[in-house]
Structures are given as C-alpha cells and as structure tokens.
Amino acid sequence: MNKQDEASIALWLHYRREPELFAQLPEAWRHSIAEHYAHARQRQQLRQRRSVLPLSVLAGLAALSAAKARAATNYTTVLTGTNADTAYSSSTDANGNLVYRLAGGDSISTTTTGTDSVSAISLQSGTPKVVLQVDADGKGALAVSVDRPETPWPGVHGTAHAIDMGAGEYLTVNGNTSLTAQADDRARVVNGVWVGGSEARGLHLDRSTAVFNGKLDVTTKGADWSQGLWIYRGFLTVNGDTNIVTHGRGTNTAGIYNSGGGTGNVVFNGNLGIVSYGDWPNDTVQGIYNDNVNTRITVNGDLNIAATSNGSTVMGIRNQGTIYVTGNTTVTSDGPRSALGIVATHASARFHAGGDVKVTVVSHTDYTPYGSPTALGNSYGHTYGSMTLDGAVDARVSGVSTSFAVTNSSVMTFTNAAKTAVLRASVDCKTCDVYGIYNDGGTLTMAGGLDVAVSNTGSGARYAIWNIGGDWWQTQSTLSVNQAGGQSVKLDGDVLTRNLINAAGKQYTATTQVNFNDSASFLKGMVLGGSGVIPASGNRGVYTYNAGVPILSFANGARWMPTGTGTLASDFGAGSLSLGNGGAIDLAASWGAFAPGSVPAHSLRSLSVDSSTGGATVNLADGATFTLLSDIRNAQADKVSFGAGITTFNATGTQKLRIAYDPVLDDASWVSAAALQNGTTIAAAQPIVVVDASAAAGGKAAFQSVAGVAGQWSATYENALARFTYVPRVQLSADGKQLLLTGIDIAGTGGSTPGGSTPGGSTPGGSTPGGSTPGGSTGGGSGNSGTGSGTGSGTPPASGNPAGTPVPPAGTGAPPAITASTGVLVAADAALAMANLWQPDERAIARRSEALRTDGAATDATFWADADGGELRGDDNQGSTYRQNATSASAGVEWGVPFDGGHGAVGLLYTHAQSRATFQSGNADLRGNAVGAYGTWNTRDGWFADAAARVGRLRDSYVSRDSFGTASGRYDTHAASVSVRAGRRFQLGGGAYIEPQVQAAYGTLGPSSYTASDRVRFEVGHNRTFQSRAGVLAGQAFTWTGGVGGEAYVRLGVVHTVGSRPDFTASLDGGSLPVALPTRHDTAGEATAGVRLAFGQAWSAFAEAGRSSRTDVVAGGWRAAAGLRWRF
652 MNKQDEASIA LWLHYRREPE LFAQLPEAWR HSIAEHYAHA RQRQQLRQRR SVLPLSVLAG
712 LAALSAAKAR AATNYTTVLT GTNADTAYSS STDANGNLVY RLAGGDSIST TTTGTDSVSA
772 ISLQSGTPKV VLQVDADGKG ALAVSVDRPE TPWPGVHGTA HAIDMGAGEY LTVNGNTSLT
832 AQADDRARVV NGVWVGGSEA RGLHLDRSTA VFNGKLDVTT KGADWSQGLW IYRGFLTVNG
892 DTNIVTHGRG TNTAGIYNSG GGTGNVVFNG NLGIVSYGDW PNDTVQGIYN DNVNTRITVN
952 GDLNIAATSN GSTVMGIRNQ GTIYVTGNTT VTSDGPRSAL GIVATHASAR FHAGGDVKVT
1012 VVSHTDYTPY GSPTALGNSY GHTYGSMTLD GAVDARVSGV STSFAVTNSS VMTFTNAAKT
1072 AVLRASVDCK TCDVYGIYND GGTLTMAGGL DVAVSNTGSG ARYAIWNIGG DWWQTQSTLS
1132 VNQAGGQSVK LDGDVLTRNL INAAGKQYTA TTQVNFNDSA SFLKGMVLGG SGVIPASGNR
1192 GVYTYNAGVP ILSFANGARW MPTGTGTLAS DFGAGSLSLG NGGAIDLAAS WGAFAPGSVP
1252 AHSLRSLSVD SSTGGATVNL ADGATFTLLS DIRNAQADKV SFGAGITTFN ATGTQKLRIA
1312 YDPVLDDASW VSAAALQNGT TIAAAQPIVV VDASAAAGGK AAFQSVAGVA GQWSATYENA
1372 LARFTYVPRV QLSADGKQLL LTGIDIAGTG GSTPGGSTPG GSTPGGSTPG GSTPGGSTGG
1432 GSGNSGTGSG TGSGTPPASG NPAGTPVPPA GTGAPPAITA STGVLVAADA ALAMANLWQP
1492 DERAIARRSE ALRTDGAATD ATFWADADGG ELRGDDNQGS TYRQNATSAS AGVEWGVPFD
1552 GGHGAVGLLY THAQSRATFQ SGNADLRGNA VGAYGTWNTR DGWFADAAAR VGRLRDSYVS
1612 RDSFGTASGR YDTHAASVSV RAGRRFQLGG GAYIEPQVQA AYGTLGPSSY TASDRVRFEV
1672 GHNRTFQSRA GVLAGQAFTW TGGVGGEAYV RLGVVHTVGS RPDFTASLDG GSLPVALPTR
1732 HDTAGEATAG VRLAFGQAWS AFAEAGRSSR TDVVAGGWRA AAGLRWRF
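Note that the working numbering has the sequence shown beginning at 652, numbered continuously upward.
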C-alpha cells in the first residue's frame, strides 16, 4: 500500500474514533475524507486480489494495461529538481523550466527509518524553475506524502515536509494536488533538557514561490508542531479551492502560518477551508497565523475556519499583517483557555471582509492568560490598524469569564448600511461582566443596524456598549450606529460612555451616537457614565474618568426600556436624549410582556434622566410617549424625572402617556349594564405625578400639552368578565412642569368619554383641578384640559339605556368599545350549541313512522335502532363561523295496534346524543340522554299522524382560550320536547308514491347556574324553541330476487324556527354583565335522499343523507343516518 492510501485510511479511522470532531468539519471536507478513504480501500482490495491471481491472469491484465494509457505510479524517491531525479520523466522546455510529466493518480511518497528529516519534494537553492505537469491537460490528481516515524528514545528532532522549498526556488503544479505530512516524534524533557520533537508541514515555503493551478488539499498530523502551509517571505498562489486539515500536540498548530513582513504574498483564488485541531495536551492553536507587519493573505472566495484546542489558547485568525477576504467568512474557535475568533495582535494589523462574517467563540474555563474570550478583536491600539466588514456580521461568544463580542481600540468599520450586525455574549460566572461592544479609544462606525444581547448568570454587569476614551494610546473614542436611520437597532444591555483624564489633566472624550428609529428598535438597559479614579499601573499614572457624550435618539415606535428596581439613575454627561414622534421611554417593557391575564412580576420605579457633569440636552417632540405602570387606587405609579443636570429642555407639541398595566384593570366590580353603555372613569385616589421636569433647565422646563393613549399591546384590555378600551386620564400641573395621572377612562358602547372630556382633559367629574382631588373644585388651568360633568367617584351620568339592558355581542354592526370577555362569549356560544343538540322535531320517530307506512300492518313486536350524525355550521356570538359535529343513537321497541281499518304502533325509545362544537376562541363538548314514548297511526286511505314526547338531561363542558390562557365551565340542565306530525300518502302506481307532511314541535332547555374556573358566575335562563315544518316525501318501491325489496326516496322540506332569547348573565366581584344571545328566528330548507331495504318480513334497514341550509341565526349542514328494525 502506498503512503497516500495509508494516510487516507488512517485519517478516516482517526475521525471514526472522534465523531464529535468529524461533525465539526465542513460538509465538503467530510465528503472528501470519506471519498478518499473509499478509493484507498478499493485500491487496497484490488492489490490484495492481484496478489493471489494466477500468473496467466496477471499476464493478461498486464497486456490489457499496456494497450491503454500508462497506469498510475507511486514514486518513493525524493523529487529534487536536479539530475538525481532518474526515477522521473523530465525535460527542459523552451523557457528553461524543468518539466516533470506525471499521470493523473500518480503519487510521491517518502519515509525514513532513521533520524533524518524527510521530504517528498525538496527544491533547494540553485535548481531551475520546476513544473509538475499532471496529465497533458493539467487536470490530473497528484498525491504527495511524507512520514517520519518516531525515532528511538530519547528522540531526535526532525521535520516531515511534503514539499520543502528553499530560498529562490520556483514551483508550478498543473493539476489537483494533495499534500500529506505526518511526524510522530514528540518533544520530551530528559535530564532537564528538551530533546526530540518533530515538525509536520504540507508546504514549507522559505523565500520562494509556489503556484498551484488546481485544487489543493493539505493534511498534516504532528506529535509536536503541525502546520498545513508554512510560509516565510514567500509567494504562494492557489488557483482553485483549498482545504487544510491539521492536527498537532505541540505549540503553534496552524492551518496557515505566514510570516516575514511585506516581502511575500499569499493568494487563494478560490474558497479556503481550514480545520486546525489541537490534540491534548496541545499548546496554542490557530486557523491562520498571519505573523509580522504587512504580511499579506488574500482569499478571493469564501473563508471557513474551525479551530479547536484541547489544551491551551485557540484563535481562528491571529493577524498582524493584512488579510482580505472577498467572499463570506466563517470562523469557529473552541478551547479551554483563551478563545479568540478574529483578532488583531499588532498595531498595524488590517483585516477586510468583503462578504458576510460569522464568528462563534466558546471558552470553557476561567483561565485566560492570552486574553478574555472575544469574537472580533481589533484592540491592539492606534489608528494604523483597521478592521473593515462590508457585509452582515454575526459574532457570538460564550465563556465562564469576562467575555466580549467585539473589542476595538483602532478603526473598525461596518460599512453596509443595509445589513445588521448581530452580537451575542453570554457568561456563566457569578461575578463576571459581559460586553457586546467594548470600544477603548477607537473609532467604531456601524452604518447599518445593530442587534446586541448580553447575558450572565451572576451579579456582573451587562454592557451592550462600553465606550471609553483611549487608555493606552490616549485618544478620543467615537462610536456611531445607524446614523442614516435605515435599520433596526436592538440593544439588550447597558450603554456606558466615559471620558478619560490622564495624570496631566488632559481629557480624552468618548462619544456614543445611536439612532433608534423604527418600532423594532429598543434599548433595554440603562444609560451610564459616572465618575471615578483608575489607579496607576506600570508606567501609566493615575487616571480619572467622568460621564462622556451619549447621543441617543428614539422615534417611530423605538423605545428605551430602563432596567433595574427602585430608583434608576441615568447619566447623559454632555450628551442628549431625543424622543421623536412615536419614540418612548417605556418603564413597563423590561419586566416582560404585559398581557391580560399574563402579568409578569414587577414593581413601580422612578427613573432619573440626569447628568453628573451638567450640559445634557433633552428633546421631546410632538408624539413622544411615556409608557408606565400604575396603581391608581393607591395613588402610585412609575415616575420619570428630568434632573438639574439637564441644561437644555425642549418639549414641543403634545406628549403622550400610556398605562401598560394597573391592577384596577383586573377588577370587574365596575362592570354593569350602565357602564357598558356609557363608560366609566376609575379615579385615582389623588393626582399622581408621573413625569416631572421641575428641576431641568434651571427650573424653566415645561410641557405644552399632554394626552392619554390606549393600552399598548392591543385595541382592548380584557379581564375575566369584559373586554374594553381604556385610556389614562392625564393633565398638566398648574405650572406646566409636571404630567399628572388622575384616573383611567373606560369608553362605553355609546362612544362618549366619561365626564364629557377628551382623554387627557379634565379630572373626572370636574373641570381643571389645579391640584385638587378628583371631583374637586376648579383650579388653575392646564394646557389641554377639557370640561365635563361627571362625578368624582367615577360613576357615569344617569343617561342612556336603563340598567339591565344587555350588551350586544361583537360582530353585530360597529365594534363596540366594550363587550363581554372572550370567556363569557364562549360560554354563551356553548349555550347556543346546546340548543342545536336538543332538536324537538324527533327525526328518528319520523323515519320510523315512514317505515311503518311502507312495511304495512303488523301486530307483532318490533325492535329498531337509528343512528344519526353530521356537521353543522353557524355564526357564533363573535361574528365568526363555528363548526359543530353532532351524533345521536336511538333505540326503541314498539307494538303494533290496529287502527280504523289501518294500522298503528306505540312504543318507547331511548336516545343518546353527543357533540363537539369548535368556536373561534374555544370549544364545547356536549352530551345528553333522553327517554320518550311515541305513537303513530296510519289509515287505510293513506292518512297518517304521529306524536312523540321526550324528557332528558344534557351536559355542557366548554373551554375558552383568551388572553388569560384558558378557562372552563361545566353545567347540566333538564330538557323536554313534544312533536306532532300529520300527512297523507298518495300511491301513484307502479310502486311510486308522494306524501305531503306538516309538523309542529316544541322543545325547552331548563335554567342553570354555575361558576367557571375563572370565578365568573353564570346564570342561564330557559331556552325555548318552536319549529314548524312543511314538506313532501316521494318514493319508488322496487323488488329484487331472493325476497329482497325496498324503496328509494327523497324528502324535501321547509323549516321555520322560532327560538327564544334566554337570559344569560355573567358576574364577578360584584360586577354584572348581561349578554344578549341571538334570537333564533328564521326559515331554512332541507333535502334528503335515502334507500330502505326489507329482507323478508323480519328484517329491514335504511340509509340516507341530506343537507339543511344555513342562515345567520340557524345552523345548517349535512347529516347522514342509518338504522334497522327487527320484528320478533
């Protein structure tokens, strides 16, 4: 077996033992490793078969091979580019190049059994330019491999280079090339001295030039050093995709190690993939180590790096020179100590990514001697270096020590105004801080959007942005995000901005400019600055710091959501806060989503918007909004204060106030018929100061106007009893410096605001209060106060419909401002479904009566069974379609009796019915049992009449799904019905007949009361239904052989239903809500077709199917029935 096949099989077996490592490889590499293994195994098996073939067969195969192209050759001597290469076919071309002609599939594999270093291709000083031509078209595959086994104890240092090129050499390979190098000697300490050790490299390029025209695959494995490509002041060009896999146990394991300054240049014209893996207990692992100033690497394609360490530091890209990637860049770094994604380690390092960048970093311990875990690091300092990212960015870091998604102290630019940078940093540590962006004296510009979320498991700080004046380089620090305003900005963490003052008193200013300007944008955290002292360290003296210049603007639905509890202090330094139209300070959102019935744990807070240095500016435009939590019955609410450090305060137009939640909204005691019609005001115990600018602008700050707006998450708020729109009642203080919350208005179906004022007008029950309690006397005016005549207690005026008038359900005309809650409406829908289940027209008895007229006279006893099922569709109380599947099974026994020359029967029956109704916001399961008696009479001249009576008990179990989650209810009720039907059958000859029919039926459901799981009490009144029916039955009798006969029939009818509107009342906490169920008063049509078969005199059976029409108030749909009878 040749060395290349051995290496392919060994690599596959290694990954079979390390499935987790194999899974980390790019899909194309996994496929390549498996493919190389399969081909190597095929060649191995073929060689084994050849070894046992008879000589005659071998001779035949040899003859066939000779007739074809030359077979692949495995060369085992070193190719040197000199006259010593007698094993190779070579010649000099017109340009003086030494050309080696190789066949596709050829391999060069060398090894050593001693202590020497080993190469497969070794070009040293003085050789001519060498060209390896693999097939005539330069598209064949060449495998180059070396193996240096472990030397005898205590070991001798040596190298294994697949290709080794000395100074001044030039190599061109026309073909696809794979390089494999393995060195097994590990370094060890003997008598206090390091001995042994080895270096495995695919390409060793020392001040020389190599060009690969084709795909390049490199695999290295070393017990000590292992590097796929090692370049020193070399020129390397690969015109094809490059894949590198390297394993090492020693130091400086790297897919690419490139050094020597700006003398050389490395270019990959194709995609570049690197897997760099450190075998425990390895030292530093890098995907790419671009060492020394101005060392250059260019990738004209995509770059994909997976770097893993099992012993020490890991870096995806360690850059000191210049790297440019035209395509997308993906880097993964995973290790137990310092883990870094793409990092600059020199002041002049430059990295430029033309496509999207995705970096994932994981550090598993808190021992990070080479730096804290960082995804993107551009922090060596000064403006000589840069990191430029032209596409979208996704940078993530996870650690158990202080960690950073982005660090910068040079120049970092996210150039694409149409793309978003996504930054994630998470820390599992009791006291560690975590940073999204750490800008220390650098210039960081993000032209597009930004999405930052940071998290930790302990008490450490969470910074979405930390921006401080330069420390080491002592420079100004600037950070700007989304200044053109075209993208969303989402910051989950604090924003800190600090100036730095050195020991000589010189200040280095930090400026943070962030533009939040759409409804998806937010800052969930605090705006921080502060002041303090940084102790002297090394050659640096004592520094101090103070609040910098944060410039934050919110508009078009963007929100600042402060975090923390109690009193929250923000520090805007010499910066500014601007709330444009729709921009908001939201003191509710950081607790979570406030939805009806799903209220997160929270507390009331006070936010101070201030500056520790003075000189800050606040701009509030028309439509700027404050969203707060309140407890008006206890005269408490969140509060926003603008402090004395706000030098300039501008409030124009009307500011808005929204209440996200108040406990009074969950209280149903105010609900009544009058409140539903006229609305109500729930007054605060006393006016509550919710926004205060008294101290701002030297006491000259003031508001012009204020208005309340509806609840933030939907058009209505809902408690367990009612849905309603609510608006905070707000006003200005007499001096215009404060915004006051005086109550909550709930609009009624009449459309007026309680008290007659617009939201944000006067206090309940009076004109402008001027500081008086609700309902008090008139005081000084305010900017937008209204007038009204409501009462101070919030009771609406005595006008409109009298108490007890039901509120109409939703969907019956214009949407009301207040309706029954979802749970109440579902309970009402379930009552309607109960009426559908109890049908008074007794279909089973009607079908049995029709069968008797066909069967003829009988005096013996008969047992019969009838099953009926179908699906109904109707309109529910919410204006939506509901579906109801209903089935019933009836069984009866009857006895025939003579009647006036005709025949008749009397009988008893039992019916079980069940149904499932599905509504827009819930469902109901219904079932019932009934017993009854019936009689039918048929005269000899075709007249007939039948009557039936039933009594039963029904159960209704329903579940509603509303903003509270789910609620359920269950109740039982009694039911009764009577039915009378008459008509005459006319025989038409030939077995045909026609039968006009009329019917009258009456049914009733008894009253019931119950309490649902959400504590709502329901009172359900009688539900009465009268049905009248007129129709015709037409049929045709037939006879089959074997004594089987029967008939086919069609039944048509018109049914007029008059259903009462039962009283339906819901109550909770003293509040009462009557709900008007629709009056079921309408006419519908029905059509049915069926067949009935008789098997002699004893047995008969039938089956039929039909459909009834649907109206606005009467459900309709298809039904099917089948049954049998047996005379005994």
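We put the CB at the ideal spot given by N, CA and C, even for glycine.
Please check the pair Asn1166 and Gln1134, which I expect to be a contact at CB under 8 angstroms, by giving their CB distance rounded to whole angstroms.
6 angstroms
Of the residues Gly853, Leu1476, Asp1576, the one placed nearest Ser1531, counting alpha carbons only
Leu1476
Touch test, the region 1098-1107 against the region 1152-1163, Cβ-Cβ under 8 angstroms, three pairs minimum:
no
Mark Val994 as exposed unless 16 or more other C-beta atoms lie within 10 angstroms of its C-beta, in which case mark it buried.
buried
When DSSP builds the beta bridges, which residues end up paired with Met966?
Gln937, Leu991
When the Cα atoms are used, what is the spatial distance from Ala1773 to Asp1519?
7 angstroms
Shorter than 7 angstroms, the distance from the beta carbon of Ala1072 to the closest heavy atom of the ligand ZN, or not?
Absence of the ligand ZN from the depicted structure is noted, as is the absence of any ligand whatsoever, leaving it without description.
Go ahead and pull the three-state DSSP assignment for Thr831.
strand
Helix, strand or coil: which one does DSSP assign to Ala1098?
coil
Every unbroken beta strand (DSSP E) within the region 1513-1562, with a cutoff of 3 residues, ordered by chain:
1532-1550
Round the Cβ separation of Ala1478 and Tyr1609 to the nearest angstrom and send it over; I've been treating them as touching at under 8 angstroms.
6 angstroms
Glu1632, buried or exposed, once every other Cβ within 10 Å from all chains shown has been counted against 16
A small correction: the amino acid at residue 1632 is Arg; Glu does not occupy that position in the sequence shown. Buried, because 16 or more other Cβ atoms sit within 10 Å of the Cβ of Arg1632.
Taking only the alpha-carbon atoms, compute the straight-line gap between Asp1317 and Ser1281 and give it to the nearest angstrom.
13 angstroms
Can you round the beta-carbon distance between Ala1004 and Leu1040 to whole angstroms, since I take them to be within the 8 angstroms contact cut?
5 angstroms
Just the C-alpha distance for Gly1417 and Phe1277, rounded to the nearest angstrom, thanks.
Its pLDDT being 32, under 50, Gly1417 is placed unreliably by the model, and the measurement read from it follows with that caveat. Using only the alpha carbons, I get a separation of about 25 angstroms.
Are Asn725 and Ser758 closer than 8 angstroms when you measure CB to CB?
yes
Quick one: grab the DSSP three-state call for Met816.
strand
Helix, strand or coil for Phe1223? Go by DSSP, reduced to three states.
coil
If distances are taken between C-alpha atoms only, which option among Ser1619, Asp1665, Asn842, Leu1728 comes closest to Asp1526?
Leu1728
State the Cα-Cα distance for the pair Arg1524 and Trp1750, rounded to the nearest angstrom.
36 angstroms
Whole angstroms is fine: what's the gap from Thr1676's alpha carbon to Val1726's?
19 angstroms
Along the chain, which unbroken stretches of the alpha helix (DSSP H) at least 4 residues long are found entirely within the region 1271-1344?
1324-1329
Going by DSSP in three states, Arg701 sits in which element: helix, strand or coil?
The pLDDT assigned to Arg701 is 47, lower than 50, so where the model puts this residue is not dependable; a value taken from the coordinates is nonetheless given after this. It is helical.
Answer yes or no: do Arg1606 and Thr1569 have a C-beta to C-beta separation smaller than 8 angstroms?
no
Does Asp1613 come out as helix, strand or coil in the three-state DSSP assignment?
strand
DSSP three-state call for Val797: helix, strand or coil?
strand
Rounded C-alpha distance that separates Gly1006 from Asp892
17 angstroms
Do you know offhand how far Gly1137's Cα is from Gln1306's?
25 angstroms
Quick check for students: name the residue ranges of the beta strand (DSSP E) that lie wholly in the region 1625-1670, counting only runs of 3 or more.
1637-1640, 1643-1656, 1659-1662
Taking the CB atoms as reference points, tell me whether Ala905 and Val926 lie closer together than 8 angstroms.
no
Roughly how many angstroms lie between the CA atoms of Asp1613 and Ala1244, to the nearest whole one?
15 angstroms
By alpha-carbon positions, which one of Asp1289, Val846, His1707, Leu1656 ends up nearest to Gly1682?
His1707
Below 8 angstroms CB to CB, which residues in the same chain sit around Glu686 once its five sequence neighbours on both sides are set aside?
none
Take every Cβ of the region 734-746, pair it with every Cβ of the region 762-776, and state whether three or more of those distances are shorter than 8 angstroms.
no
Give the secondary structure of Glu657 by DSSP, where H, G and I count as helix, E and B as strand, and everything else as coil.
helix
From Arg1770 to Val1709, what does the alpha carbon distance come to, in whole angstroms?
22 angstroms
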